[in-house]
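Using numbering that gives the first Met the number 0, you'd call the opening residue of the sequence shown number 0 and step up by one each time.
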Amino acid sequence: MYLYEGIEKAEKRVRAVLAGCGEQAVNMIHNAVSYLDEVEIAAVCDLNPDRAEYAAKRLGVSRVYLNLDQMLSEVEADCAFVVTIASLQAKLARQCVEAGLHVYTEKPLGTELEDLQDLYEAARSRGRKIGVSFNKRFNLAYHDMKKAITSEAFGHPNAFIAKFIGGYRSNETDLLRTGSCHFFDLARYLVGEVEEVFAYRYEEQPGRHTFAVTARFENGCVGSMTFGSLGSWVCGYGMEYVEVRGDRSMVSAENGRDFIWQKPSLIVPSDTGLANKGTQAVTELSVPVEILRPNYSNLGKLALKDFYINGNYQSVKAFVSSILNDTEPPVGYQDGLMALKLALAVEKSVSENRAVKVTEI
Ligand SMILES: NC(=O)c1ccc[n+]([C@@H]2O[C@H](COP(=O)([O-])OP(=O)(O)OC[C@H]3O[C@@H](n4cnc5c(N)ncnc54)[C@H](O)[C@@H]3O)[C@@H](O)[C@H]2O)c1
Numbered sequence: 000m001y002l003y004e005g006i007e008k009a010e011k012r013v014r015a016v017l018a019g020c021g022e023q024a025v026n027m028i029h030n031a032v033s034y035l036d037e038v039e040i041a042a043v044c045d046l047n048p049d050r051a052e053y054a055a056k057r058l059g060v061s062r063v064y065l066n067l068d069q070m071l072s073e074v075e076a077d078c079a080f081v082v083t084i085a086s087l088q089a090k091l092a093r094q095c096v097e098a099g100l101h102v103y104t105e106k107p108l109g110t111e112l113e114d115l116q117d118l119y120e121a122a123r124s125r126g127r128k129i130g131v132s133f134n135k136r137f138n139l140a141y142h143d144m145k146k147a148i149t150s151e152a153f154g155h156p157n158a159f160i161a162k163f164i165g166g167y168r169s170n171e172t173d174l175l176r177t178g179s180c181h182f183f184d185l186a187r188y189l190v191g192e193v194e195e196v197f198a199y200r201y202e203e204q205p206g207r208h209t210f211a212v213t214a215r216f217e218n219g220c221v222g223s224m225t226f227g228s229l230g231s232w233v234c235g236y237g238m239e240y241v242e243v244r245g246d247r248s249m250v251s252a253e254n255g256r257d258f259i260w261q262k263p264s265l266i267v268p269s270d271t272g273l274a275n276k277g278t279q280a281v282t283e284l285s286v287p288v289e290i291l292r293p294n295y296s297n298l299g300k301l302a303l304k305d306f307y308i309n310g311n312y313q314s315v316k317a318f319v320s321s322i323l324n325d326t327e328p329p330v331g332y333q334d335g336l337m338a339l340k341l342a343l344a345v346e347k348s349v350s351e352n353r354a355v356k357v358t359e360i
């Protein structure tokens, strides 16, 4: 018997345990999970008792743990949501998988290749699913961007431009493996696999860096990415930008919100006598280029929430659906692995001052 049945009534449910009740968990993942009628929250856990209690009260859950092992041994569940510390995530996910649960982790899936490999083996041998919270794939702006890029008129993607500059970090590994992984994943999602990177590093002091990364994709597209920790976490502007160029088309999104799709202009023969704008090779009609610029705040209730616009809700829902329908999670182990490999390739390029193929990692 459920007191509140959620917005969309589910026919089947999964029982979930929540590991980690920090900022990201409380602000995003717990909200997303609690909006989904197909998830029944069985227990929460955090090393910090205040955080665990707060999350439990907020979600109306009576079983509260300070130890993951104990929660896993005492609570029956189908899956776990791990939202803890980047360097611990793969290890804790493995504990959950070894207890027989499917697991969804916040990004990054992990920060060391060995941890990911161990998790993969544990999950494979037990037939458990791994989902990764690369929620930007479901963010409304990036989701629309993908649709535009794959539309017929867009042309072959030839430039991927990305910027992510936040506040201070504990070290450069944190910036590349934890912070920038979203953009390595977006590069793969929007354009395709990256073949090679070359990177330069500016260092003010440990934890305060800027990286300039050039990339070549397997499909020939070239990329330019800037990642930094000399910005601000609270300024609200200038932190995140992604642009993809096609043939006279382009899509861009500022801060994961302000999406623009500039569609191609019309090309006509140059002898039409119309007032045309000449370019070096062709003539373009001087009609206004069509630009699509939706306002994502002009949406209904659920869709107004940050965790919907950012894609956390859809990402969690897609993972839960993969359990209920016994399909592969749409974003999973391979995506977590490739994002880490790209960060490692950038680190290697800086330390060896040369272009590094992703296959070297
Ligand atoms: N998708 C995104 O855009 C996004 C944004 C921010 C953070 N994150 C990710 O979310 C994760 C959490 O980040 P945060 O900002 O909430 O950090 P946080 O420090 O606020 O929270 C982490 C919590 O994990 C708990 N914890 C640590 N070890 C634990 C263990 N062994 N068992 C149970 N609980 C444990 C801590 O006590 C803390 O409450 C990180 O992996 C981060 O990369 C993702």
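Where a beta carbon is used, it is the ideal one built from N, C-alpha and C, also for glycine. Quick caveat, the model's predicted, so the values are computed rather than measured.
Q) Which residues bound the alpha helix (DSSP H) around Ser314? A) As a first step, residue 314 is located in the sequence shown; it is residue number 315 there, counting from the start. Start and end: 311-323.
Q) Is Lys106 near ligand 1, in the sense that its beta carbon is under 6 Å from a heavy atom of that ligand? A) For the purposes of this step, residue 106 is taken as residue 107 along the sequence shown, with counting starting at 1. Set against 6 Å, the gap from the CB of Lys106 to the closest heavy atom of ligand 1 is smaller.
Q. With a CB to CB cut of under 7 Å and the five nearest residues on each side skipped, what residues in its chain are close to Leu35?
A. As a position in the sequence shown, residue 35 is number 36, starting the count at 1. Residues of the same chain with a CB within less than 7 Å of the CB of Leu35, apart from the 5 flanking positions on each side, are Gly5, Val315, Lys316, Val319 in chain order.
Q) So which residues touch the region around ligand 1, with touch meaning a C-beta under 6 Å from any heavy atom? A) Listed by chain position, these are Ala18, Gly19, Cys20, Gly21, Glu22, Gln23, Ala24, Cys44, Asp45, Leu46, Asn47, Arg50, Leu67, Val82, Thr83, Ile84, Ala85, Leu87, Gln88, Leu91, Glu105, Lys106, Ser132, Asn134, Thr177.
Q.
To the nearest angstrom, how far is the alpha carbon of Glu346 from that of Phe197?
A. Residue mapping note: residue 346 aligns to position 347 of the sequence shown, counting from 1. Residue mapping note: residue 197 aligns to position 198 of the sequence shown, counting from 1. Distance between the alpha carbons of Glu346 and Phe197 is about 10 Å.
**Q.** Chain-order list of residues whose beta-carbon lies under 6 Å from that of Cys95 (same chain, five-residue window excluded)
**A.** For the purposes of this step, residue 95 is taken as residue 96 along the sequence shown, with counting starting at 1. These residues qualify, in order along the chain: Ala79, Val102.
Q: Indicate whether Arg168 and Ala76 have their beta-carbon atoms separated by less than 7 Å.
A: Residue mapping note: residue 168 aligns to position 169 of the sequence shown, counting from 1. Residue mapping note: residue 76 aligns to position 77 of the sequence shown, counting from 1. Cβ distance not < 7 Å, so Arg168 and Ala76 don't count as in contact.
(Q) Using the three-state DSSP reduction, which class does Asn297 fall into: helix, strand or coil? (A) Taking the first residue of the sequence shown as 1, we reach residue 297 at position 298. Only weak support is given to the placement of Asn297: the predicted model assigns it a pLDDT of 49, under 50, and the value that follows is read from those uncertain coordinates. Look at Asn297 here: in three-state DSSP terms it is coil, with no helix or strand label.
Q. Tell me the DSSP bridge mates of Leu202?
A. Taking the sequence shown and counting its residues from 1, one reaches residue 202 at position 203. It is Glu, not Leu, that sits at residue 202 in the sequence shown. Note: Glu202 sits in a beta bridge opposite His208.
Q: On the DSSP bridge assignment, give the partners of Met249 in chain order.
A: Walking along the sequence shown from the start, residue 249 turns up at place 250. Paired residue(s): Arg244, Gln261.
Q. Would the beta-carbon of Pro107 fall within 7 Å of that of Arg62?
A. As a working mapping, residue 107 is identified with position 108 in the sequence shown. As a working mapping, residue 62 is identified with position 63 in the sequence shown. Cβ distance not < 7 Å, so Pro107 and Arg62 don't count as in contact.
Q) If you drop the 5 nearest sequence neighbours on each side, which residues of the same chain put their C-beta closer than 6 Å to that of Glu242? A) Residue mapping note: residue 242 aligns to position 243 of the sequence shown, counting from 1. Only Ile160, Ser251 meet the Cβ criterion.
Q: Classify Arg93 as buried or exposed, calling it buried when 16 or more other Cβ atoms lie within 10 Å of its own Cβ.
A: Counted from its first residue, the sequence shown places residue 93 at position 94. Buried is the call here.
Q: Would you check if the distance between the CB atom of Ala54 and the CB atom of Val38 is smaller than 7 Å?
A: The sequence position of residue 54 within the sequence shown is 55, counting from 1. The sequence position of residue 38 within the sequence shown is 39, counting from 1. Not closer than 7 Å, so no.
Q. Rounded to a whole number of angstroms, what is the C-alpha to C-alpha distance between Arg125 and Arg136?
A. Your numbering for residue 125 matches position 126 in the sequence shown. Your numbering for residue 136 matches position 137 in the sequence shown. When rounded, the distance between both Cα atoms is 28 Å.
(Q) For Tyr307, count the other beta carbons within 10 Å of its own beta carbon; 16 or more makes it buried, fewer makes it exposed. Which is it? (A) Position 308 of the sequence shown, counting from 1, holds the residue named residue 307. Label assigned to Tyr307: buried.
Q. Is Pro205 buried or exposed, if buried means 16 or more other CB atoms sit within 10 Å of its CB?
A. Counting from one through the sequence shown, the residue named residue 205 turns up at place 206. With fewer than 16 other Cβ atoms within 10 Å, it is exposed.
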